[in-house]
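Residue numbers (this note's numbering): 6 to 323. Here is the structure we will look at.
In structure tokens, the structure reads:
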């Protein structure tokens with residue numbers, strides 16, 4: 006989502022110097038599969054965050070070296086790229102981005118790289134952050150919600166965008182990418198059907214979170230949605246936001262509220278104390294976990310969050 010990130014001139018100079026040094030040592034042939042005197046290597050695909058890295062890895066299989074700029078557990082919106090990120094950009098044959106205002110730092114970062122960049126959400130119809138009547142932020146213009154991957158249905162569009170970009174980069178592997186992409190789309194389609202059927206069995210589901218990151222999922226499953234703040238790094242957890250959340254939870258007798266894994270849950274803890282609602286386990290949105298964590302893959306992330314959200318709606322034992 007739109008944010009402003011300040012980078013000092015000294016830092017930019019250091020990053021630029023590193024990039025020039027890295028580029029000076031790279032082969033200039035332009036062939037992504039040939040480097041270092043014609044030795045064949047896999048093309049390097051750099052993604053902006055770990056969710057997109059996993060999608061690209063699933064589609065690429067063993068035909069590309071897929072990396073993420075932001076590390077596991079990082080907050081994406083206001084990330085500060087490191088010198089190591091710039092070195093990765095110098096090696097990249099392709100950069101994949103979410104767009105929709107997610108990566109506030111990306112435009113400045115791309116000034117340091119010559120790699121082609123593809124935004125994978127081009128075919129997605131953007132939704133704004135859900136406007137909440139009576140919320141202290143309801144008079145503001147709602148920004149586009151960049152978290153379209155939180156919907157399994159929209160996730161299939163991510164797969165399409167990644168497949169197209171990889172096939173453009175490496176046409177000789179297009180059949181492999183198509184097969185891998187079809188398998189991932191099938192998984193997401195099955196998850197979408199499962200979530201819809203389960204949600205339809207519930208009388209109503211109210212998804213109450215810290216950030217307003219769930220517009221696409223709420224639209225898919227017809228969920229009532231409420232949040233403390235619309236955008237991470239905005240005015241997070243103000244007294245007015247907390248009071249509006251408390252009022253919503255009480256009015257709708259919401260049994261369980263949530264916060265995202267990359268943000269502070271202190272404000273949501275106030276809501277819990279005032280209403281008696283349960284604070285559910287963290288929802289994963291902006292980042293996957295390491296391999297030994299609960300959501301090492303994109304499909305794992307969706308399953309984890311959907312299970313918590315729907316099970317929380319079924320919990321009427323407050």
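Virtual Cβ for every residue (Gly too), placed ideally from N, Cα, C.
Spatial distance of residue i from residue j (CA atoms)
i: residue 77; j: residue 259; result: 31 Å
i: residue 294; j: residue 93; result: 21 Å
i: residue 146; j: residue 135; result: 11 Å
i: residue 319; j: residue 271; result: 25 Å
i: residue 277; j: residue 262; result: 8 Å
i: residue 302; j: residue 152; result: 16 Å
i: residue 234; j: residue 82; result: 14 Å
i: residue 175; j: residue 195; result: 29 Å
i: residue 308; j: residue 317; result: 14 Å
i: residue 148; j: residue 105; result: 9 Å
i: residue 200; j: residue 155; result: 12 Å
i: residue 66; j: residue 241; result: 39 Å
i: residue 56; j: residue 298; result: 14 Å
i: residue 306; j: residue 290; result: 8 Å
i: residue 204; j: residue 220; result: 16 Å
i: residue 283; j: residue 252; result: 15 Å
i: residue 35; j: residue 110; result: The predicted model places residue 35 with a pLDDT of 48, which falls under 50 and marks its position as unreliable; any figure quoted below should be read in that light. Near 26 Å, if we compare the C-alpha coordinates of residue 110 and residue 35.
i: residue 87; j: residue 280; result: 42 Å
i: residue 198; j: residue 191; result: 11 Å
Identity of the residue in the options nearest residue i by Cα
i: residue 273; options: 196, 216, 72, 47; result: 216
i: residue 186; options: 155, 80, 271, 59; result: 59
i: residue 130; options: 137, 163, 115; result: 163
i: residue 95; options: 111, 49, 109, 69; result: 49
i: residue 287; options: 249, 311, 281, 280; result: 311
i: residue 177; options: 69, 210, 86; result: 69
i: residue 141; options: 300, 169, 283, 245; result: 245
i: residue 47; options: 89, 98, 84; result: 98
Endpoints, the beta strand (DSSP E) within which residue i is located
i: residue 205; result: No beta strand (DSSP E) contains residue 205, which is instead part of the alpha helix (DSSP H) from 179-205.
Opening and closing residue of the alpha helix (DSSP H) in which residue i lies
i: residue 60; result: 55-65
i: residue 277; result: 271-280
i: residue 104; result: From DSSP, residue 104 is part of no alpha helix (DSSP H); its letter is neither H nor E.
i: residue 89; result: 88-96
i: residue 115; result: 111-115
Beta carbon of residue i nearer than 8 Å to that of residue j
i: residue 218; j: residue 269; result: no
i: residue 223; j: residue 207; result: no
i: residue 103; j: residue 54; result: yes
i: residue 128; j: residue 160; result: no
i: residue 236; j: residue 275; result: no
i: residue 179; j: residue 123; result: no
Pairing CB atoms from the region 180-195 with CB atoms from the region 221-232, are three or more of them under 8 Å? no
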